[in-house]
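Undergrad: Encoded as structure tokens, here's the structure I'll be asking about.
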Amino acid sequence: MAAPKFDNPIVRWIDYRLPVFTFMHHEMHEYPTPKNLNYWWNFGSLAGFMLIVLIVTGIVLAMNYTPHVDHAFDSVERIRRDVPFGWLVQFIHMNGASFFFIVVYIHIFRGIYYGSYKSPREILWILGVVIMLLMMATAFMGYVLPWGQMSFWGATVITNLFSAIPLVGEHIVSWLWGGFAVDNPTLNRFYSLHYLLPFVIVGVVVLHVVALHTHGSNNPLGIELRGKQDSIPFHPYYTVKDFFGLGLFLTIFCLFVFFAPDYLGHPDNYVPANPLVTPPHIVPEWYFLPFYAILRAIPDKLLGVVAMFAAIAVLFILPWLDRSPVRSARFRPIYKQVFWLLVIDCLVLGYIGAKPAEGWYIHIGRLATVYYFAHFLVILPLLSVFERPRPLPLSIGEPVLGGGGPSPPGGGSAGAMERA
Amino acid sequence: MAATADGAGGDGVTRRDFLEYAAGGMGAVGAAAATWALIDNMNPAADTLALSTTEVDLEPIEPGQSITVVWQKKPVFVRRRTEAEIREAEETPLDSLPDPMADTERVQKAEWLILVGICTHLGCIPLGQKGTDEKGEYGGWFCPCHGSHYDTSGRIRKGPAPENLAVPPYRFLDDTRILIG
Ligand code: HEM
Ligand code: FES
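Residue numbers (our numbering), protein chains in the order written: chain A, 110 to 529; chain B, 24 to 204.
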């Protein structure tokens, strides 16, 4: 790659010693991006934006927050009532966590629909699942900080999951707590980790982007770029599209922050933590509900916990469960349908997770749990063998312009062409 | 065994190999020791561990009534059982229990049932202490979190909890006072 020529002598002077400008030019101008990306490709940059928002608001919150069981609740109330613009910072942080999850979940389903986890993007995908796990840990510990009833009992129930581990379970739990129950040592360490983990996430995001830029973005057709005519530079085309999407997203986000800041939360968290009274109906934050439903679907403690973790673990091996050489669901008639069934299944699980574990809810929860695992462990492997994909276009330009270059041999889609 | 110039012994192992393994091994031991310190650092501290005890006056508790006291930051249920409750607990066949344990093993005096009030599933506090609480299908306690039912001996009967409610260590100081811990 030839170094670009910069007009500004100061830029040239710096770039000669520290090639940041060459690097930026390479990533923004030379980096070829498929020209057919749709709006589902906006969610990666939105996720990055939300991560920054959470870190900035979090650092400001930390300046007024007190991590002590006797003061934590009051210090958050003080942030909301007395600290200048504290209410705004707190609402942005609180709703920001929810919107971060909305964005990331859409981002993940985008990857599932368009087969973005397939070769050569397996590590990119796995790093994404790692980010999701870190986000879950971060959000869980953040939710404990305001020390309301849901904070306390959520922390109790989730840390107790580890007591299901045979033999050492009890020791692990008291190690996590630093005591005999969720208490001040627990709050302190959660605060310490809640501050740390977002920066670990930043580190993994950097790796995620390095992996992305190694082979470039997948695209709605799921086929390889056939040459220059299939791509456009990231800047200005996608920077502008990302900013437009950001504007729309922020509009919705602000509606929540300013008009319904508590809509996604739970009123019980405005009751200070009471270690002697469990609220009659405890639920986790909405973004954990599908996993919570899987936990409760199984009437055995250990197996329930195993199933819940397996629900995430199965995502790690997704690239090897779905062996179909065709990436995009657009060309996979059956996969397209089971994809939507999976989406519905996850929504059902989320709904059941919010309901008490009784009566019909239990049965629906069990069915939805079975289907969730069946999708990944049975349906996908079978589809890879039995589904007959539709013919793939020769290039990104072909469906629009008609014609296109001859399809070069090799590439992720060649096998499918032969079969179709 | 004469060492050659590079220190190789008869079997081709050089002094340098030995030094590398020894240094690497020492390094690993040092790192493991430091890691251990950091991990153990998160365990309960000495002041937390210092066994606290709780004394309970049983005098004001009426038959059929329960009170909750705090021991080591955990709720402890003290229930004065009625004749009917005791009979029910004693007559339950052991093979109908997920975690079989005779009622007589769980109490020192049949009238007084003393339990750690923490659901053995995921740590919620079961309902059943107040007269108005739901007590579950077996008349003991009911955990609303995921639906575990405990009987009048605090034994798990139905639901996801794997074990009976725990009995804390306690002794009778005299007829109307106990010391937990
Ligand atoms: C991955 C990014 C992050 C996520 C998902 C996240 C999530 C959360 C959540 C869900 C809460 C509870 C809010 C409530 O219910 O009131 C919270 C609170 C808090 N977070 Fe974060 N957070 C993130 C980053 C950070 C960072 C970088 C800091 C910097 C120290 C921070 C500091 C705090 C503080 C001080 C609180 C307690 C005050 C409050 O409740 O608003 N957070 N966080
Ligand atoms: S914590 Fe009691 S049933 Fe789950």
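From the three backbone atoms N, C-alpha and C, an ideal C-beta is built for every residue, glycine too.
How many Å lie between TYR444 of chain A and PRO329 of chain A at the Cα?
TA: Position 335 of the first sequence holds residue 444 of chain A. Position 220 of the first sequence holds residue 329 of chain A. Those two C-alpha atoms are separated by around 15 angstroms.
Undergrad: Counting only Cβ-Cβ distances shorter than 8 angstroms, please list the residues of the stretch 462 to 487 of chain A near chain B, keeping chain order.
TA: Hits within the stretch, in order: PRO465, ALA466, GLU467.
Undergrad: To the nearest angstrom, how far is the alpha carbon of LEU196 of chain B from that of LEU202 of chain B?
TA: Counted from its first residue, the second sequence places residue 196 of chain B at position 173. Counted from its first residue, the second sequence places residue 202 of chain B at position 179. Cα to Cα, the separation comes out at about 7 angstroms.
Undergrad: Rounded to whole angstroms, how far is the Cβ of ILE232 of chain A from the Cβ of ALA320 of chain A, which I believe are closer than 8 angstroms?
TA: Mapped onto the first sequence, residue 232 of chain A falls at position 123. Mapped onto the first sequence, residue 320 of chain A falls at position 211. About 5 angstroms; that satisfies the 8 angstroms criterion.
Undergrad: Provide the residue(s) that pair with ASP197 of chain B in DSSP beta bridges, ordered along the chain.
TA: One-based indexing of the second sequence puts residue 197 of chain B at position 174. In DSSP, ASP197 of chain B forms a bridge with B:ARG200.
Undergrad: Based on the DSSP secondary-structure assignment, which residues constitute the bridge partners of VAL101 of chain B?
TA: By one-based count along the second sequence, residue 101 of chain B stands at place 78. Bridge partners of VAL101 of chain B: B:ILE90, B:ILE137.
Undergrad: Using the three-state DSSP reduction, which class does TYR226 of chain A fall into: helix, strand or coil?
TA: Translated into positions along the first sequence, residue 226 of chain A becomes position 117. Note: TYR226 of chain A maps to coil in three-state DSSP.
Undergrad: Taking all protein chains shown into account, decide if GLU106 of chain B is buried (16 or more other Cβ within 10 angstroms of its Cβ) or exposed.
TA: Locating residue 106 of chain B in the second sequence gives position 83, counting from the first residue. So GLU106 of chain B ends up on the exposed side.
Undergrad: Return no unless some Cβ of chain B is closer than 8 angstroms to the Cβ of LEU385 of chain A.
TA: Walking along the first sequence from the start, residue 385 of chain A turns up at place 276. Yes, LEU385 of chain A counts as interfacial toward chain B.
Undergrad: Mind reading off the beta-carbon distance from PHE182 of chain A to GLY257 of chain A? Whole number of angstroms is fine, and I expect it under 8 angstroms.
TA: Start at 1 with the first residue of the first sequence, and residue 182 of chain A comes out as number 73. Start at 1 with the first residue of the first sequence, and residue 257 of chain A comes out as number 148. With 8 angstroms as the limit, PHE182 of chain A and GLY257 of chain A qualify as a contact, their Cβ atoms being about 6 angstroms apart.
Undergrad: With a threshold of 16 other CB atoms inside 10 Å of the CB of ASP454 of chain A, please say whether the residue is buried or exposed.
TA: The sequence position of residue 454 of chain A within the first sequence is 345, counting from 1. Classification for ASP454 of chain A: buried.
Undergrad: Just checking: is the beta-carbon of ASN66 of chain B within a distance shorter than 8 angstroms of some beta-carbon in chain A?
TA: On the second sequence, residue 66 of chain B is found 43 positions in, with the first residue counted as 1. Yes, because at least one Cβ of chain A sits closer than 8 angstroms to the Cβ of ASN66 of chain B.
Undergrad: With which residues is ASP174 of chain B paired in a DSSP beta bridge?
TA: Your numbering for residue 174 of chain B matches position 151 in the second sequence. DSSP, once it has assigned bridges, lists B:GLY162 as partnering ASP174 of chain B.
Undergrad: Who are SER184 of chain A's beta bridge partners in DSSP?
TA: Within the first sequence, numbered from 1, the residue matching residue 184 of chain A stands at position 75. Its beta-bridge partners do not exist; DSSP assigns none.
Undergrad: Using the beta-carbon of each residue, which ones in chain B are nearer than 8 angstroms to PHE289 of chain A?
TA: Taking the first sequence and counting its residues from 1, the one referred to as residue 289 of chain A is at position 180. Simply PRO67, THR71, GLN95, LYS96, LYS97.
Undergrad: Could you check how far apart the C-beta atoms of HIS317 of chain A and ILE211 of chain A are, in whole angstroms? I think they sit under 8 angstroms.
TA: In the first sequence, the residue the question calls residue 317 of chain A occupies position 208. In the first sequence, the residue the question calls residue 211 of chain A occupies position 102. About 19 angstroms separates the two Cβ atoms, so there is no contact after all.
Undergrad: Compute the Euclidean distance between the alpha carbons of ALA483 of chain A and PHE249 of chain A, then round it to the nearest angstrom.
TA: Position 374 of the first sequence, counting from 1, holds the residue named residue 483 of chain A. Position 140 of the first sequence, counting from 1, holds the residue named residue 249 of chain A. Between ALA483 of chain A and PHE249 of chain A, the C-alpha separation is close to 28 angstroms.
Undergrad: Give me the residue from A:ILE274, A:GLU136, A:ILE217, A:TYR304 with the minimum Cα distance to LEU451 of chain A.
TA: Here residue 451 of chain A is taken as the residue at index 342 of the first sequence, counted from 1. The shortest Cα separation from LEU451 of chain A among A:ILE274, A:GLU136, A:ILE217, A:TYR304 belongs to A:ILE217.
Undergrad: Are the CB atoms of ARG103 of chain B and GLN88 of chain B within a distance shorter than 8 angstroms?
TA: On the second sequence, position 65 is the one that residue 88 of chain B refers to. On the second sequence, position 80 is the one that residue 103 of chain B refers to. Yes, these two residues count as a Cβ contact at 8 angstroms.
Undergrad: For the stretch 139 to 157 of chain B and the stretch 383 to 393 of chain A, state whether three or more C-beta atom pairs, one from each stretch, are separated by less than 8 angstroms.
TA: Short answer: they touch.
Undergrad: Quick one: complete alpha helix (DSSP H) runs, 4+ long, within the stretch 383 to 411 of chain A?
TA: Whole alpha helix (DSSP H) segments, 4+ residues: 398 to 406.
Undergrad: Ignore the nearest five residues each way along the sequence and tell me which others in LEU81 of chain B's own chain have a CB closer than 6 angstroms to its CB.
TA: If you number the second sequence from 1, residue 81 of chain B lands on position 58. Correct list, in chain order: THR199.
Undergrad: For ASN269 of chain A, which residues of its own chain have a beta-carbon under 7 angstroms away from its beta-carbon, when the five flanking residues on both sides are left out?
TA: On the first sequence, residue 269 of chain A is found 160 positions in, with the first residue counted as 1. Closer than 7 angstroms at Cβ, skipping near neighbours: VAL282.
Undergrad: In or out: TRP469 of chain A buried (at least 16 other Cβ within 10 Å) or exposed?
TA: By one-based count along the first sequence, residue 469 of chain A stands at place 360. Exposed: under 16 other Cβ atoms inside 10 Å.
Undergrad: Mind checking who PRO143 of chain A pairs with in its DSSP beta bridge?
TA: In the first sequence, the residue the question calls residue 143 of chain A occupies position 34. DSSP lists A:SER340 as partners of PRO143 of chain A.
Undergrad: On the CB-based measure, 16 or more other CB atoms within 10 Å of its CB, does PRO183 of chain B come out buried or exposed?
TA: Residue mapping note: residue 183 of chain B aligns to position 160 of the second sequence, counting from 1. Buried, because 16 or more other Cβ atoms sit within 10 Å of the Cβ of PRO183 of chain B.
Undergrad: Quick one: any contact between the stretch 348 to 356 of chain A and the stretch 138 to 157 of chain A, if contact means 3 or more CB pairs under 8 angstroms?
TA: They touch, by the three-pair rule.
Undergrad: When you measure from the CB of GLY163 of chain B to every non-hydrogen atom of ligand 2, does any distance come out below 7 angstroms?
TA: Looking up residue 163 of chain B in the second sequence gives position 140. It does not: the Cβ of GLY163 of chain B is nowhere closer than 7 angstroms to a heavy atom of ligand 2.
Undergrad: Let me know if TRP234 of chain A comes out buried or exposed under the rule of 16 or more other beta-carbons within 10 Å of its beta-carbon.
TA: Locating residue 234 of chain A in the first sequence gives position 125, where the first residue counts as 1. Its Cβ being crowded by 16 or more others within 10 Å, TRP234 of chain A is buried.
Undergrad: Quick one: Cα of ARG121 of chain A to Cα of HIS324 of chain A, how far?
TA: Indexing the first sequence from 1 puts residue 121 of chain A at position 12. Indexing the first sequence from 1 puts residue 324 of chain A at position 215. Between ARG121 of chain A and HIS324 of chain A, the C-alpha separation is close to 29 angstroms.
Undergrad: Does DSSP put ARG180 of chain B in a helix, in a strand, or in coil?
TA: For the purposes of this step, residue 180 of chain B is taken as the residue at position 157 of the second sequence. The answer is strand: DSSP assigns ARG180 of chain B an E or B state.
Undergrad: What residue range is occupied by the uninterrupted alpha helix (DSSP H) comprising THR478 of chain A?
TA: Against the first sequence, residue 478 of chain A aligns to sequence position 369. Run containing THR478 of chain A: 469 to 483, per the alpha helix (DSSP H) assignment.
Undergrad: So if I threshold CB-CB distances at 9 angstroms, which residues from the stretch 136 to 152 of chain B count as touching chain E?
TA: Among the protein chains of the structure shown, namely A and B, there is no chain E.
Undergrad: Would the stretch 58 to 66 of chain B count as touching the stretch 126 to 135 of chain B if we require 3 or more Cβ pairs under 8 angstroms?
TA: Verdict: no, contact absent.
Undergrad: Would you call the stretch 411 to 428 of chain A and the stretch 364 to 383 of chain A in contact, with 3 or more CB pairs under 8 angstroms?
TA: With a cut-off of 8 angstroms, the stretch 364 to 383 of chain A and the stretch 411 to 428 of chain A do not count as touching, because too few Cβ pairs lie within range.
Undergrad: Under 9 angstroms Cβ-Cβ, which residues of chain A neighbour PRO185 of chain B?
TA: Residue 185 of chain B sits at position 162 when you count from the first residue of the second sequence. Residues of chain A passing the Cβ test: ALA273, ASP409, LYS410, LEU411.
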